[in-house]
Amino acid sequence: MSEENINNRKEAISKLKELAEEIDFCFFCTNVKSEQSDSTPMSVQEVDEEGSIWFLASLASTKCENIKTDSAIQLYFSSPKDFKFLAVAGDADLVRDEKRIDKYWNKMVEGWFEKGREDPNIILIRVKPKKAHYWDTKYHKLLSYALTFYSAITGNKNDQGLHGDINVPN
């Protein structure tokens, strides 16, 4: 597996956006400095042009209470079938932005809020990454499968994977 760190801001945000939005779901971990971290599956709404990762949540959730106490979070994305993984550490804050909430609102989200779009507990979580690490393939998924199959048959090792740090300075 080749190591390829991404230090250029534009390329780093692009890679972060590609992986986070493509994989979509992650374990969103709060209270990460203690032995009792809290993990919740969450769906990414967007990775914006600054590299911030946006989520919709309920202000009444344990996750939001934890963020109020300690903004340090970790996100773990996993798509084994596509050989794509992403780990992000950063800080989260709670944001009330009605235009952005409207932008992200859809029928799937509606099911999580008792009063629908008018629910007063709807809040945005903005994650500002401090560091990230990714694992990905160099090639398209089908070619990666073929190369893996070829390696298994021939015993020849091939280097089809990539991993590295994604540096998104804030």
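Its first residue numbered 392, the sequence shown is counted upward by one per residue in the numbering used here.
Heads up, the beta-carbon is just placed ideally off N, CA and C, and yes, glycines get one too.
Bear in mind that the values here come from a model prediction, so they are computed numbers and not experimental data.
Could you check which residue in the options has the C-alpha nearest to that of residue i?
i, options, result
"residue 517", "505, 463, 422", "463"
"residue 444", "484, 455, 429, 507", "484"
"residue 411", "429, 493, 446, 398", "446"
"residue 414", "399, 465, 441, 470", "470"
"residue 515", "441, 419, 488, 508", "488"
"residue 552", "525, 499, 491", "525"
"residue 460", "441, 472, 422", "422"
"residue 458", "478, 429, 473, 440", "429"
"residue 495", "480, 418, 477, 439", "439"
Using the DSSP secondary-structure output, state which residues sit across from residue i in a beta bridge.
i, result
"residue 465", "420, 480"
"residue 438", "444"
"residue 460", "Answer is none; residue 460 lacks a bridge partner."
"residue 485", "516"
The alpha helix (DSSP H) with residue i in it runs from where to where?
i, result
"residue 411", "400-414"
"residue 498", "498-501"
"residue 491", "489-495"
Please go through the same chain and pick out, in chain order, the residues whose beta-carbon is closer than 8 Å to the beta-carbon of residue i, but skip the five residues on each side of it.
i, result
"residue 416", "432, 433, 434, 435, 468"
"residue 401", "none"
"residue 482", "462, 463, 464, 518, 519, 521"
"residue 455", "448, 449, 485, 514, 516"
Got a sec, what are the start and stop residues for the beta strand (DSSP E) residue i sits in?
i, result
"residue 522", "513-528"
"residue 557", "552-557"
Reducing DSSP to helix, strand and coil, say where residue i ends up.
i, result
"residue 473", "helix"
"residue 505", "coil"
"residue 395", "coil"
Quick one: residues in its chain with C-beta nearer than 6 Å to the C-beta of residue i, no 5 flanking neighbours on either side, listed in chain order?
i, result
"residue 512", "449, 450, 451"
"residue 437", "445"
"residue 527", "475, 553"
"residue 398", "558"
"residue 396", "555, 556"
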